[in-house]
Each structure stands twice: as C-alpha cells, then as structure tokens.
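Quick notes on the structure that follows.
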Amino acid sequence: VQLQASGGGLVQAGGSLRLSCAPSISIFNIYIMSWYRQAPGKQREFVAEVTNYDNKGYAGAVKGRFTISRDNAKNTVFLQIDSAKPEDTAVYYCNAEVRGEHFWGQGTLVTVSS
C-alpha cells in the first residue's frame, strides 16, 4: 500500500492548512487511517485517526483545532489544521492500517510561523 501525502507548507500562526493523504488501494479496505507528526529533535507522535466506521480520535494537543475526515468518493483522507500554532511545526505522516499491517506515507512538512 502506498500513501501519497500532500498539502504541507508555510502558514502563519492562527492560520489554516489542509493536508491530504491518498492511498493506492480503495479506502474501504483500510481499517484505520491516521496522521502522525515529527517535530525536529522529537519522536514521532500521534495526531488523529479515523476508522472505516468514521469513528475519530485526536491527540489532546490538537483536539478542537484539527479535524480528520474521510472522503470516500475521492478516496482520500484529509487533516484540516485550524488555529495553527508554532508548536504544530513538523513533518506530518499519513498511516494506514490494513489487516493489522501498517503503511506509511512519505511525509509533508508543515511550518507555522509566529
């Protein structure tokens, strides 16, 4: 399974950005799609996830500001970033769980300027 992540870029604090992740297989075959991020010098951390039943979960640091969604027609998962903060600066990675196996995308860089 290949995952194509896109949408990263530079945004000012308080601004918005939308990340996209398109899998190479049907999204209906993916149990959970999630986003992780890795800031410079830090470990990769969980950001948000959505199941194929559209159940969603968020890390405490982003709850209320980030929104994950699945668009079955576009076979894509989105991560809407609102009220961005400088501490959101990181490489964002898309992850897909398929029959217990995890696959990673290449990452997309988000930089939030203060």
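Mapped onto our numbering, the consecutive letters of the sequence shown carry residue numbers 3 to 116. Virtual Cβ for every residue (Gly too), placed ideally from N, Cα, C. Since this is a predicted model, take the numbers as computed values, not measurements.
Check: Taking C-beta to C-beta, are Gly-10 and Leu-111 nearer than 8 Å?; Outcome: yes
Check: Gln-40 and Val-79: beta carbons closer than 8 Å?; Outcome: no
Check: Using 8 Å as the cut-off, can you tell me whether the segment 16-36 makes contact with the segment 51-71, which would need three or more C-beta pairs spanning the two stretches below that distance?; Outcome: yes
Check: If you drop the 5 nearest sequence neighbours on each side, which residues of the same chain put their C-beta closer than 6 Å to that of Arg-72?; Outcome: Val-52, Val-79
Check: In angstroms with no decimal places, state the Cα-to-Cα distance between Ser-116 and Ser-22.; Outcome: 24 Å
Check: Please classify Pro-25 as buried or exposed, where buried requires at least 16 neighbouring CB atoms within 10 angstroms.; Outcome: buried
Check: So Lys-87 and Val-49 are supposed to be a Cβ contact under 8 Å. How far apart are they, rounded?; Outcome: Not a contact, Cβ separation roughly 13 Å.
Check: Terminal residues of the continuous beta strand (DSSP E) containing Arg-68?; Outcome: Contrary to the premise, residue 68 reads as Phe rather than Arg in this sequence. Residues 68-73.
Check: Under the three-state reduction of DSSP, which class applies to Ile-83: helix, strand or coil?; Outcome: strand
Check: Can the beta-carbon of Asn-77 be found closer than 8 Å to that of Ile-29?; Outcome: yes
Check: Measure from the alpha carbon of Gly-17 to the alpha carbon of each residue in Gly-107, Thr-91, Ile-83, His-104, then state which is nearest.; Outcome: Ile-83
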